[in-house]
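Just below is one structure, and these are the notes that go with it.
Protein chains in written order, with our numbering: chain U, 44 to 369; chain G, 44 to 369.
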């Protein structure tokens, strides 16, 4: 169903999204869309929050991971899957593999938070530790794949993963009519690419915006430069958004995204707390970046019906980014 | 539609609930029901969480307050409504009166949290302050009503309020089939009475349990003694559950509730944090009391399909009841 470009990229199509949705439906939630009168008043827009923080494993990444895992033949699946990630993709792939009952190996830096490691193990995943450097990660991961023959499910630069993430805005369009725009955070670009895949096919009139931490604004700079710029090790509280674009996600970003906005660390934290306070849901910092940029750019969003993708809710409740009263 | 008992109580009927639901539908959310595989594994039960923390004003109390406000004639409504409350009923009545565009006066102790006062004012309510004692509150409130002629909407001991709260389990039964039990927190007993009103009429086979802080266990002691026991000033983190039963709510509790369970302060805080962590939603301490008692009493709930009413989400994010890492 997918097609291959002249440069050798394998691009998923909307038919892949429909197949993905049928395939993963038993393993994911159709997450609710919440609205907030106060946030509408604050922004002058009508905001529709797609709550992937309430998704299985508390992250949209379960969609793409499940599509990859359940798309394998029985023979392929028996060998298992593997990835490198210290974040939501690790949890999500472990969840999906656990649902299918197949082996999953995750290469994680030994410095990754214990809570994340525990969650991977809780879903039945096997962790192989590496040093916290790209070279160590790549060497260890290559060894894992060579020895196990496991199928590598990349966190975002994989057509199966993008087709899975694309089911999120497919649901959103079923839940909310007449949207003018959709905005989602951008890190490696998996969610944005899925959003582009769905909207460019079934609702090309809806504008697509991406939101990024100013401290990790490589996608915004890539967008302006017209080619991928990858930073080495950006530092931001939105820890899901540190990774760079890759060729497949860049294909979607450069062709379908209208603009990429940025927010400072303080703006992200304020928006995160505002979501907790007004909407009574727990979202991680990455999820709050779109709202932060909507508040900053009222002229873009005022009077518009805007889908806002809240990408995840995995946050350490014992280490919140705002001060407690004594 | 309601009927009057030999002792002079005006008891709402299920027809009042149906009328209430039609009346308040434009002003409330049909709140989602969430499930958690992890909490099911932990408790051995199948739990269905009715998320009134995601309700307007973040509290189920909007249901009863809206039913009272929108049930008034235009002449009555023009005079306005009044109540005394420092909690969710104050916010909810202010919200409902604001929706109808009528005056609302709330008598609050001058020591009430600024956040609560701000929220009442934000909805357009007028605050009249009293001293933090029952005698001052009653004197000030009597003066307000005498001078304004406003309709007194009691936080719970009012048939209109109970019929409104009863719409919550009416929705729950539409959303979840084959429940074995429903459990809700108990303070003054408004939510539990509404639950009894609905279930006793349309699903009398479903057991009704109440959950209460051990530090404010007057309802549990009343239940065992067979008459209302009112404590003076119980101290618990579940600040919505400090108030005593009254004649109307006692009617429902003694006739329809199967048991009342209690939880310690630590158990309540642990359950609250567990809900935030696993379900990614913000609930206030009162909302967590039912889960705390389910965890404590596995023999009662194991293997059962249990509706759990999460009553509200109004909590000070700057003053959480667990420690932050440095």
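Glycine included, every Cβ here is placed at the ideal spot set by N, Cα and C. Predicted model only: the values in this text are computed from it and were never measured.
Classification of residue i by the beta-carbon crowding that lies within 10 angstroms, buried from 16 upward
| i | result |
| --- | --- |
| residue 50/G | exposed |
| residue 95/G | buried |
| residue 69/G | exposed |
| residue 25/G | What the structure shows of chain G is the stretch from 44 to 369, and residue 25/G is not part of that stretch, so it cannot be assessed. |
| residue 164/G | exposed |
| residue 161/U | exposed |
| residue 106/G | buried |
| residue 368/G | exposed |
| residue 203/U | buried |
| residue 151/G | buried |
| residue 247/G | exposed |
| residue 58/G | exposed |
| residue 178/G | exposed |
| residue 194/G | buried |
| residue 213/U | buried |
| residue 270/G | exposed |
| residue 186/U | exposed |
| residue 166/G | buried |
| residue 189/U | exposed |
| residue 336/U | buried |
| residue 93/G | buried |
Of the listed residues the options, nearest to residue i (C-alpha basis)
| i | options | result |
| --- | --- | --- |
| residue 366/U | 271/G, 195/G, 361/G and 347/G | 361/G |
| residue 341/G | 331/G, 67/G and 84/G | 84/G |
| residue 282/G | 296/G, 272/G and 257/G | 257/G |
| residue 108/U | 201/U, 177/U and 52/U | 201/U |
| residue 119/G | 176/G, 150/G and 191/G | 191/G |
| residue 142/G | 154/G, 170/G, 155/G and 110/G | 110/G |
| residue 231/G | 263/G, 327/G, 181/G and 243/G | 263/G |
| residue 210/U | 150/U, 319/U, 300/U and 67/U | 67/U |
| residue 276/U | 53/U, 81/U, 170/U and 175/U | 175/U |
| residue 298/U | 317/U, 45/U and 244/U | 244/U |
| residue 332/U | 313/U, 357/U and 212/U | 313/U |
| residue 216/U | 302/U, 238/U and 168/U | 238/U |
| residue 229/G | 136/G, 303/G and 242/G | 303/G |
| residue 157/U | 61/U, 134/U, 146/U and 145/U | 134/U |
| residue 207/G | 132/G, 87/G, 274/G and 285/G | 132/G |
| residue 54/U | 241/U, 72/U, 128/U and 115/U | 241/U |
| residue 112/G | 353/G, 145/G, 129/G and 82/G | 145/G |
| residue 125/G | 224/G, 140/G, 116/G and 117/G | 140/G |
| residue 91/G | 78/G, 100/G and 102/G | 78/G |
| residue 86/U | 356/U, 317/U and 359/U | 317/U |
| residue 128/U | 99/U, 114/U and 170/U | 170/U |
Where the beta strand (DSSP E) through residue i begins and ends
| i | result |
| --- | --- |
| residue 228/U | 224–228 |
| residue 304/G | 302–306 |
| residue 150/G | 147–152 |
| residue 252/G | 250–256 |
| residue 91/U | 89–94 |
| residue 353/G | 348–353 |
| residue 124/U | 124–127 |
| residue 172/G | 169–173 |
Bounding residues of the alpha helix (DSSP H) (the contiguous stretch that carries residue i)
| i | result |
| --- | --- |
| residue 162/G | 157–165 |
| residue 219/U | No alpha helix (DSSP H) holds residue 219/U; DSSP gives it neither H nor E. |
| residue 293/G | 290–299 |
| residue 265/U | 261–268 |
| residue 362/U | From DSSP, residue 362/U is part of no alpha helix (DSSP H); its letter is neither H nor E. |
| residue 133/G | 131–143 |
| residue 108/U | 104–113 |
| residue 238/G | 233–245 |
| residue 333/U | 328–339 |
For residue i, the residue or residues it bridges with in DSSP
| i | result |
| --- | --- |
| residue 53/G | 47/G |
| residue 77/U | 92/U |
| residue 195/G | 125/G |
| residue 205/U | Residue 205/U is not bridged to any residue. |
| residue 318/U | Paired residues: none, contrary to the question. |
| residue 324/U | 324/G |
heavy atom of the ligand FMN below 7 Å from residue i C-beta
| i | result |
| --- | --- |
| residue 338/G | Ligands displayed in this structure: none; no statement on the ligand FMN is therefore possible. |
Pull out every residue of the region 86–114 of chain U whose Cβ sits closer than 7 Å to any Cβ of chain G, in chain order.
96, 97 and 101
Residues in the region 53–84 of chain U having any Cβ partner in chain G nearer than 7 Å:
75 and 77
Listed in chain order, which residues of the region 155–189 of chain U have Cβ atoms closer than 7 Å to some Cβ of chain G?
none
Between the region 344–357 of chain G and chain U, which residues of the former have CB atoms less than 9 Å from a CB of the latter, in chain order?
355, 356 and 357
To be precise: take each residue of the region 295–326 of chain U, compare its Cβ to all Cβ atoms of chain G, and keep it if any distance is under 9 Å. Which residues remain?
Correct list: 316, 319, 320, 321, 322, 323, 324, 325 and 326.
When you check each C-beta in the region 274–287 of chain U against every C-beta of chain G, which residues fall closer than 7 Å?
So the list is empty, because no residue satisfies the distance condition.
Closer than 9 Å, Cβ to any Cβ of chain G: which residues of the region 217–241 of chain U, in chain order?
none
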